[in-house]
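Just so we're aligned: the sequence shown equals residues 1 to 379 in full-length UniProt numbering. Reviewing the structure listed below.
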Amino acid sequence: MSNKDYGRCLVCGDAAIGLNFGVSTCMPCKAFFRRNAIKLGVQQYVCHNDGDCIISYKFRRSCNCCRLAKCFRVGMDKGMILSDEERDARNQLVEINRLKRGKVPKQQCAKWMKSPVLLSMSPKPVNCLSPCDQVILSNIFHAYESTCTATKNPQFSCFPSIQHTSIHEFLNEFSALFPAFINYFKHIPEFEQINIDDKVSLVKYHFGVMININEPLMQPSPHKNLVATWLNVFGIDITRRLLQRNQILEQYIHDPILLKIILIVLVLSCNNYRVLDNSTFSGLYTDPLSILAAQNIYIELLWRYVLSRCDGVKDTVRFMNKLIMCILYLQNLDIYIDDYISGLHEELQQMNPLTQNMWPVDHEASDMNDNRIEGDVIF
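Structure representation (structure tokens):
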């Protein structure tokens with residue numbers, strides 16, 4: 001299919017690309033006018049040929065003075081030149097409208113984000129997974145399928161149900177799936193052995209991580225309602241980051257186990273950035289050593305699993321390096337969104353109790369909210 005014919009450039013006679021500043025022009029003359037018209041009165045344009053230079057495809061660069069004069073003579077309008085801020089605003093509006101129509105662009109990946117060699121069964125048998133490991137991996141897979149995946153089909157097939165315009169409505173709808181996430185961890189023996197206070201704290205402090213991994217797992221291609229909701233409640237910057245997150249996780253989603261193990265590793269973490277005072281995790285958890293011991297079990301299992309799917313230790317290290325970079329991106333996004341929501345006090349007040357209690361304002365408030373969370377979620 002041939003491109004649309006816009007005729008010839010009225011300035012130099014080259015093939016035109018469309019109407020630019022009110023006149024049919026080529027790309028070089030469009031760029032020339034934008035660059036030079038705004039300099040009138042600041043920069044002096046002088047013709048060394050009495051203002052009678054030929055402006056054609058071959059000679060358009062010979063005299064800026066005559067070329068600019070011809071631009072104005074054929075009708076190019078300086079008033080249509082947008083400032084950098086105006087152009088960015090227009091491009092942003094175009095992008096928002098495209099996203100709201102469901103046209104999700106392919107995001108550009110930084111080099112570190114690009115997909116590593118996908119996990120595939122090694123052509124030769126590997127003995128790094130013990131029979132016990134294989135049983136645990138099978139239990140993890142079936143635990144996720146029986147909780148989160150089972151909930152996805154009736155409740156999450158078209159999420160959200162509408163294009164929300166407020167964060168509290170969006171997260172309140174999402175919170176209907178939160179019990180399924182908790183039930184997944186209740187199938188993990190090491191999580192169940194942690195005392196109730198620490199389990200509540202782990203869930204609260206890693207609420208964002210659970211959403212950031214579960215959302216793409218349950219809906220790899222975001223529904224247009226979801227993208228429109230992101231735009232409405234977060235704006236274009238966070239929406240871009242969320243789309244980037246989906247692209248990063250896309251390379252791992254089709255592995256039956258990987259992200260499910262990572263979810264366990266991240267939630268069984270004493271690290272926390274959500275309490276706004278300077279508490280150490282010895283003050284956030286009653287038994288941090290038990291949590292660290294539980295996490296270590298699944299970190300080692302993750303290593304052995306990836307090793308069993310890669311061709312040797314060297315490839316495994318490369319894969320894990322990429323994976324860690326992706327996890328850091330997710331955690332940085334979680335911090336960014338968390339800071340954004342934490343400042344919206346009116347929105348927080350309208351969230352349902354379970355969701356609202358995920359945003360403590362200080363350590364004292366955190367302790368008070370833990371009791372409410374325990375009442376809302378059965379551990």
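All residues carry an ideal CB built from backbone N, CA and C; glycine is no exception.
Could you say which of the options lies nearest to residue i if we only look at CA atoms?
i: Gln44; options: Val23, Ala69, Phe21; result: Ala69
i: Ile188; options: Phe141, Pro216, Ile167; result: Phe141
i: Tyr298; options: Arg309, Ser269, Arg61, Leu177; result: Ser269
i: Thr355; options: Ser146, Cys47, His206; result: His206
i: Ser146; options: Phe181, Phe170, Ile167, Asp133; result: Phe181
i: Arg73; options: Gln92, Met27, Leu10; result: Leu10
i: Asn232; options: Pro288, Gln251, Pro160, Ala293; result: Pro160
i: Leu40; options: Cys65, Ser56, Tyr340; result: Cys65
i: Val227; options: Ile162, Pro179, Asn172, Phe185; result: Ile162
i: Asn246; options: Cys326, Tyr184, Asp287, Ile257; result: Cys326
i: Gly235; options: His164, Val203, Leu292, Gln251; result: His164
i: Ile262; options: Arg241, Lys4, Val306; result: Val306
Can you tell me where the beta strand (DSSP E) holding residue i begins and where it ends?
i: Thr25; result: 23-25
Secondary structure at residue i, three-state DSSP: helix, strand or coil?
i: Val361; result: Annotation note: pLDDT 48 at Val361 (below 50); position unreliable, no value reported.
i: Thr286; result: coil
i: Lys124; result: Reliability of the predicted coordinates at Lys124 is poor, the pLDDT of 47 falling under 50, and no value is obtained from them.
i: Thr165; result: coil
i: Val267; result: helix
i: Gly235; result: coil
i: Gly75; result: coil
i: Pro189; result: helix
i: Tyr298; result: helix
i: Gly7; result: coil
i: Asp84; result: helix
Can you grab the Cα-Cα spacing for the pair residue i / residue j, in whole Å?
i: Met113; j: Cys71; result: Residue confidence is low: Met113 scores 47 on pLDDT, short of 50, so the model does not pin down where it sits. Its coordinate-derived value is still stated next. For Met113 and Cys71, the distance between alpha carbons rounds to 45 angstroms.
i: Thr239; j: Ala89; result: 16 angstroms
i: Leu328; j: Asn271; result: 13 angstroms
i: Lys199; j: Cys132; result: 25 angstroms
i: Ser62; j: Gln92; result: 37 angstroms
i: Ala365; j: Trp359; result: Summary for Ala365: the model assigns pLDDT 45, below 50, so the residue's position carries little reliability; its value from the coordinates is reported in the next sentence. Computed Cα separation, rounded: 9 angstroms.
i: Phe191; j: Ala176; result: 22 angstroms
i: Phe319; j: Asp77; result: 54 angstroms
i: Arg304; j: Ser290; result: 22 angstroms
i: Pro179; j: Pro222; result: 22 angstroms
i: Asn20; j: Lys30; result: 6 angstroms
i: Lys124; j: Asp255; result: Interpretation of Lys124 is limited by its pLDDT of 47, a score under 50 that renders its predicted location unreliable; the figure taken from the coordinates is listed afterwards. The alpha-carbon atoms of Lys124 and Asp255 are separated by roughly 19 angstroms.
i: Val209; j: Asp84; result: 36 angstroms
i: Gln349; j: Glu173; result: 15 angstroms
Just curious, the alpha helix (DSSP H) that residue i is in, first and last residue?
i: Thr355; result: 353-356
i: Val200; result: 196-205
i: Val313; result: 313-342
i: His223; result: No alpha helix (DSSP H) contains His223, which DSSP labels as neither H nor E.
i: Ala143; result: 131-144
i: Gln350; result: Taken as a continuous stretch (DSSP letters only), Gln350 belongs to no alpha helix (DSSP H), as it is neither H nor E.
Enumerate, from N- to C-terminal direction, the unbroken beta strand (DSSP E) stretches of 3 or more residues contained entirely within the stretch 9-61. List check, beta strand (DSSP E) in window: 18-20, 23-25.
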